[in-house]
Ligand code: AMP
């Protein structure tokens, strides 16, 4: 079974983000970038499925600038077999990303697509759901357990006040919650080996997808700590 994992390059979770002086966005100059933590969990789950003999190939994909190759190499070091970079330097909406991922899904025909439930930079929590709608695949979001059984995947989901288990027909889309697994670290030999694994670069144009934006960011502001403290102390 082929598993496709979507990973996003984001500002590292340890970094205290700064807003640009003109309020047009977050200042990314000289900032440490990493793989989105929920995407690390997605890669880990795919690797565990391969170790169990359920997955035969893991393809990892990202949509982003050329520098996002770093996060693809990390995923390759963690156990993915090959990588696809959909190269775009633009700031894309979730819908544009979902359309690009759908084009990759059409090309790769995976049985299972694993995404994070949320990217910690934009906090959108919608790309997996949009991809499921566009591709017509079943979706199991906020997964805390994933079990492939024949032509189905059972996904235990974290819902308000409890857990819900759903059986999805394959092919299916799963988004990962925090408790699904604890991702491993890449070993040095695997980091070296990852340098030789295949990494293909494609453009949105080559995939036949328009990334024209339907919304525009008007302003980005830092939330004042004092306001947050007073709200949470109520
Ligand atoms: P979001 O809907 O933006 O909160 O992101 C949820 C998940 O969608 C992430 O954890 C990734 O798995 C995937 N995703 C979002 N943006 C991208 C991107 N630019 N490239 C690849 N995957 C992405």
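In the numbering used here, the protein residues as written are 376 to 609. Note that CB positions come from ideal geometry on N, CA and C, so glycine has one too. All values reported here derive from a predicted model rather than from experimental measurement.
First through last residue of the alpha helix (DSSP H) which encompasses residue i
i           : result
residue 503 : 502-510
residue 384 : Not the alpha helix (DSSP H): residue 384 falls in the beta strand (DSSP E), residues 384-386.
residue 423 : 412-426
residue 563 : 563-569
Residue interval of the beta strand (DSSP E) (run including residue i)
i           : result
residue 514 : 513-524
residue 450 : Where residue 450 is concerned, there is no enclosing beta strand (DSSP E), although the alpha helix (DSSP H) it sits in stretches over 444-453.
residue 377 : 377-381
residue 475 : No beta strand (DSSP E) holds residue 475; the alpha helix (DSSP H) holding it covers 469-483.
residue 432 : 432-439
residue 491 : 487-491
Beta-carbon contacts of residue i that lie in its chain and below 6 Å, excluding the five residues immediately before and after
i           : result
residue 393 : 402
residue 409 : 387
residue 538 : 531
residue 520 : 531
residue 588 : 468
residue 400 : 595
residue 513 : 543, 544, 547
Same chain, Cβ closer than 7 Å to residue i, neighbours up to 5 away in sequence not counted
i           : result
residue 441 : 462
residue 489 : 378, 380, 417, 420, 421, 549, 551
residue 469 : 499, 501, 502, 505
Identity of the residues DSSP links to residue i by a beta bridge
i           : result
residue 532 : 518, 539
residue 576 : 460
residue 409 : 385
residue 550 : 490
residue 394 : 401
residue 556 : None; residue 556 has no bridge partner.
residue 544 : 527
Own chain, CB closer than 8 Å to residue i, minus 5 neighbours either side, in chain order
i           : result
residue 527 : 542, 543, 544, 545
residue 434 : 377, 378, 379, 380, 455, 456, 457, 458, 459, 483, 485
residue 389 : 407
residue 609 : In this predicted model, residue 609 has a pLDDT of only 41, less than 50, meaning its place in the structure is not dependable enough to derive any value.
residue 607 : Summary for residue 607: the model assigns pLDDT 45, below 50, so the residue's position carries little reliability; its value from the coordinates is reported in the next sentence. No residues qualify anywhere along the chain.
residue 605 : Because residue 605 sits at a pLDDT of 48, beneath the cut-off of 50, its placement in the model cannot be relied upon, and the point is left open.
residue 445 : 384, 408
residue 575 : 457, 458, 459, 460
residue 395 : 401, 402, 595
Contact test: residue i Cβ vs the ligand COA heavy atom, cutoff 7 Å
i           : result
residue 471 : Ligands displayed in this structure: the ligand AMP; the ligand COA is not among them.
Quiz item: Counting by C-beta, which residues lie closer than 7 Å to a heavy atom of the ligand AMP, in chain order?
Solution: 381, 382, 383, 411, 413, 414, 417, 436, 437, 438, 439, 467, 469, 472, 476, 490, 491, 492, 493, 494, 497, 498, 499, 500, 501, 502, 503, 550
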